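Below is one structure, written out as structure tokens; the observations come after it.
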Amino acid sequence: MASARRGSEQCDGEERGQARRGVNMLKMVENLGVSYVKTTEQYRKKLHSEFSGLGFPHKEEADDSNSSKNQAGPTEYEKRRKDHISHFILRLAYCQTEDLRRWFIQQEMDLFRYRFSELPSKYKTDFLHKNNLKYDTMSVEEKNHLKDQLINSSYSVSGSTVAEQDFYKVPFQDALDLVRTRKVYLKAGYAYIPHQDIVAIVLNDFRTRLSKALALTARSLPAVQSDERLQPLLNHLSHAYVGQDYSIQKNIGKVSLEQIDPLSAKSFPLCMRQLHKALRENHHLRHGGRMQYGLFLKGIGLTLDQAMQFWRSEFVKGKVDADKFDKAYAYSIRHMFGKEGKRTDYTPYSCMKVILSNPPSQGDFHGCPFRHSDPELLKQKLQSYKLSPGGIMQILDLVKGMHYQLACQKYFELTHNIDDAGFSLNHPNQYFMESQKLLGGGKEVKKEVEVSQRGPENTPSNGPDVPSTRQKSSTQAVDDMGDLDSYFIDE
Amino acid sequence: MLTSDYDPACLPDLLPLYYRRLFPYSQYFRWLSYGGASKNYFQNREFSFTLKDDIYVRYQSFSTQSELEKEMQKMNPYKIDIGAVYSHRPSQHNTVKSGTFQALEKELVFDIDMTDYDDVRSCCSAADICSKCWTLMTIAIRILDRALRDDFGFQHLLWVYSGRRGVHCWVCDEAARKLSVAARSAVAEYLSLVKGGEETVKKVVLSDPIHPFISQSLIVVEHYFPQYAVVEQDLLSSKASVDKVLSLVPDDILHYKISVKELLNIYQTEKNPMKRWEQLCRYAVQQKRTSSKKGAQYFDKEIMLQYCYPRLDVNVSKGVNHLLKSPFSVHPKTGRISVPIDLKNLDKFDPFEVPTISLICEELDKPLTAEEEDVKDKESETESGERRKIRDYKHTSLAKYVKLFDHFLDAMARSRKGEMLKKSGLFSLDKHDPPIHIDDDPAKCVNLLSHVSLSHYRHKDDAVFIRFSLD
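Going down the list, the sequences are from chains A and B.
Its first residue numbered 1, the first sequence is counted upward by one per residue in full-length UniProt numbering.
Its first residue numbered 1, the second sequence is counted upward by one per residue in full-length UniProt numbering.
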């Protein structure tokens, strides 16, 4: 970074631009990861075209040959230099909290997986050696002995290829992604990995190194943050992924408890409608459901007192008496509002979080109905909500293609009788706000006021994703972020 | 029968007795010290006590066995939970700079709770269990125990009855204790097959090829399934349960409608549940032959797994800092002691035979005079009191469970010894070789000792336990 510095004014400009493009790229990686299965050809193609568009290096090719072929565009060296700059700036921006680190690591891993998979086999082996990743290979006898198990453990191994393939014997801790998905044979603590799956080990190592590096970077943050040139940039960048913070207190006290029932049918996304129904029916929700629904309610404006009253009045109708409620549940509700424990004011869950983390198990009603329901049940549910058969088919098709957020958006359009929602959905609370806006908002018109204050250049279409407070410094960046949403839509 | 003996109202009266005369402190301390292999392992361990009226006291920690004893006898916790080994003493967690107090290690734990099986149990629901559905726990233990040993190479697994409706597993190998959060969740997910919540009907989907882990697990499930599910749970008797099973037959397989209809037709006349199941399996075999679609042909196996495969609470296993109820803690609702389970006699394990706190306190015979005696003991202090405690539990039904615990600890001590010899470089021991008992063979012992310097004696029960370092 220092060597790239030619004069602070200009360079800050360059770095800012690079970093912004870095965030764009990672957001794109994230979005594609949700929309496609990560190993498919489709996913690879899409990534490939997006990278070329952003001017990032996407192929490990020898620098000279590439630059001579391609005089017009930036050289491979130049592209890589930019890539490196953006990566290290993002490290600074994303080392600040656990959540940011997790997100950053996840996206960098996906990016790395893609890049590594594009390498020719020889380069892969070189890469392993350069990075000191040496593992024992299985002997022929061993392979013969375990032949059946090896064949049955991986899609990429068949009876005819098992003899020719190299298998690496690796402690299972070094191949967690393969272990997790049961894509590898495990014996006595060792994973036996076919050569073409070796990316898993490299990724694992990459994760460990990156995570350590981020922890180290975090320690040097105080020094960096005192630099007034960097600090605003870093803050802006790290906020870019979170999108709108729906926990901001501006909505507070705008919803009465009596309104929740009608609102749940009109303006709640399906996941919250499902949780609300389950709560009313069972007078209970398990932890995952309480968190997802409770934080959503906080986001639409329930105060702590209201929330307490809401949960208590429902729970005492079931098996929990008031005393037990106060002992066992009241704490967690205060906790949600940042009044206990670490005193973190928790933010409502985004679609990404609902879809990707903590899948529901027995007795749970949380999660994303488009992701976590049987299609048949989903169909019945949509029918009971009087959606048209054609609309239901469209939704189920999107679900089949794993476009869960698009399916939800379709559900929004159908239930609100509009052709085009005009926004890209990525948060349950966003769904609620958009719905209220369309329905005239009843008593909660203030959100519309909020949006219209933003000035003409920000149409409501990409408005909701953009927190108004962050606009003043970098309208340009905001537009970049807004454009990202098109990656969601145009597939 | 036995539960009726226990009255939760008596718990406050029984606990002092239990903690003063019955709780196996020395084994407990020996367990959590792990041979003193790393510094402050016991001292930095979090304990959490649950007191009367559900008052939780977290971040307790103790520097010695006697401090632990004193505190437990003073607080008389209704329930004891064990947490992680932290970077600092948990009792002082407020005094260290925030962020530096971190959970470093913990046993890899598994929690299997019968309530998670409610959609596939017909005999009981929620917190209730009976000898019929207990088979589910037996299956769970068999499957997980095999996988953790054979697939992951762990050796020191402590299976414990939770005291009410489930079982816990504590994987105590050093490698297991050092696993990262990511590794724990990977292990837990490797072991999870049943997926989905209330909005998912079909929770197990197999695809080709069937992973060896699943094949091995199927062997266990297939062994228990006919008797347990078909006979005892009346899987195919009533219309409702038949419908439920048939809803798991995937609808995209060839001839689906026909086969389900045919099955229903046959079921009109065929009332014997076992015959009905066989009929269903026959269709599955037929599908395997005719179906072109891959993956859809395993529906008989998928049904068996959905009904019997262990359902893990993954979140408990994932977190390093997650608390889990301690062995030998009392379950406040049932009064049963959380005792180790003997895997050699797993099929005979009956949760209703596990002693309650009232039973073992009664077995101490004439508790009142004993208490008085105890006061006397306290005055005279030291060894005689210690020995008395050992004698005390030996008089009760708790004895055989403490003995199991002892065996578990001995095995761990033996392999630690083996590891140390290996590290000393004098023997090259493979992990699977039997550990060497240096005390078995005096000549070997002398030979060894001439090579090493003796730096440390550990626990007295660990026989000759020596920390070696090469000269």
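Ideal Cβ placement from N, Cα and C applies to all residues, glycine included.
What you are looking at is a predicted structure, and each value in this text was computed from that prediction instead of being measured.
- In this structure, the beta-carbon distance from Val171 of chain B to Ile141 of chain B does not fall below 8 Å.
- Judged by DSSP secondary structure, Ala278 of chain A falls within the alpha helix (DSSP H) whose first and last residues are 270 to 282.
- Fewer than three pairs of CB atoms, one per stretch, sit closer than 8 Å, so the region 190 to 197 of chain B makes no contact with the region 132 to 150 of chain A.
- For the pair Asp177 of chain A and Ala200 of chain A, the CB atoms are nearer than the 8 Å cut-off.
- Taking 8 Å as the cut-off, the beta carbon of Lys202 of chain B is found no closer than this to the beta carbon of Leu263 of chain B.
- DSSP links Ser48 of chain B through a beta bridge to B:Asp81.
- Contact between Val316 of chain B and Asp111 of chain B holds, with the beta-carbon distance rounding to 4 Å and staying under 8 Å.
- A residue is called buried once 16 or more other Cβ atoms fall within 10 Å of its Cβ, and Met304 of chain B is buried on that count.
- Counting along the chain, Arg91 of chain A sits inside the alpha helix (DSSP H) bounded by residues 76 to 93.
- Beyond the five residues adjoining it in sequence on each side, Leu398 of chain B comes within less than 7 Å, by CB distance, of Leu22, Ile337, Pro355, Ile360 in the same chain, given in chain order.
- Closer than 8 Å to the CB of Asp81 of chain B there is not a single CB belonging to chain A.
- Asp350 of chain B counts as exposed, since fewer than 16 other beta carbons sit within 10 angstroms of its beta carbon.
- The beta-bridge partner set that DSSP reports for Gln286 of chain B is empty.
- Think of a sphere of 9 Å around the beta carbon of Val260 of chain B: no beta carbon from chain A falls inside it, the nearest being about 14 Å out.
- Within chain B, the residues whose beta carbon sits less than 7 Å from that of Ile151 of chain A are Pro209, listed in sequence order.
- Identification of chain B residues near Ala163 of chain A by a Cβ-Cβ cut-off of 9 Å yields none; the smallest Cβ-Cβ distance measures about 17 Å.
- Inter-residue distance for Glu419 of chain B and Val204 of chain B is about 40 Å (C-alpha atoms, whole angstroms).
- Contact annotation for Lys195 of chain B against chain A: Pro359, Ser361 [CB-CB distance below 8 Å, chain order].
- In terms of CA proximity to Phe152 of chain B, A:Leu186 leads the group A:Glu98, A:Leu295, A:Ile418, A:Leu186.
- Given a length threshold of 4 residues, the region 178 to 213 of chain A has no whole run of the alpha helix (DSSP H) inside it.
- For Gln60 of chain B, the enclosing beta strand (DSSP E) has its first and last residue at 55 to 60.
- Membership of Lys386 of chain A in any alpha helix (DSSP H) is not indicated, and neither H nor E is assigned to it by DSSP.
- With respect to Arg311 of chain B, Asp150 of chain B sits apart: the two C-beta atoms are not nearer than 8 Å.
- Under the DSSP assignment, Asp323 of chain A falls in the alpha helix (DSSP H) whose first and last residues are 322 to 328.
- The region 321 to 336 of chain B and the region 213 to 223 of chain B do not touch, with fewer than three beta-carbon pairs separated by less than 8 Å.
- Shown here, Ala421 of chain A sits in coil according to DSSP, grouped into three states, outside any helix or strand.
- The beta carbon of Ser160 of chain A sits no closer than 8 Å to any beta carbon of chain B.
- With fewer than 16 other Cβ atoms inside 10 Å of its own Cβ, Asn265 of chain B counts as exposed.
- Distances from the alpha-carbon of Val230 of chain B to those of B:Tyr59, B:Glu353, B:Val120 put B:Val120 closest.
- For Asn429 of chain A, the closest of A:Arg312, A:Tyr246, A:Gly341, A:Gly367 by C-alpha to C-alpha distance is A:Tyr246.
- Here the alpha carbons of Gln259 of chain A and Val316 of chain A stand approximately 20 Å from one another.
- Counting of Cβ neighbours within 10 angstroms places Asn76 of chain B among the buried residues, the total reaching 16 or more.
- For Glu270 of chain B, there is no enclosing alpha helix (DSSP H), since its DSSP letter is neither H nor E.
- Close partners of Ala183 of chain B in chain A (Cβ separation under 9 Å): Phe172, Gln173, Leu176, Val179.
- Using beta-carbon distances, Tyr190 of chain B counts as an interface residue toward chain A, with a partner under 8 Å.
- Counted as a single uninterrupted DSSP element, the beta strand (DSSP E) harbouring Lys169 of chain A occupies residues 167 to 171.
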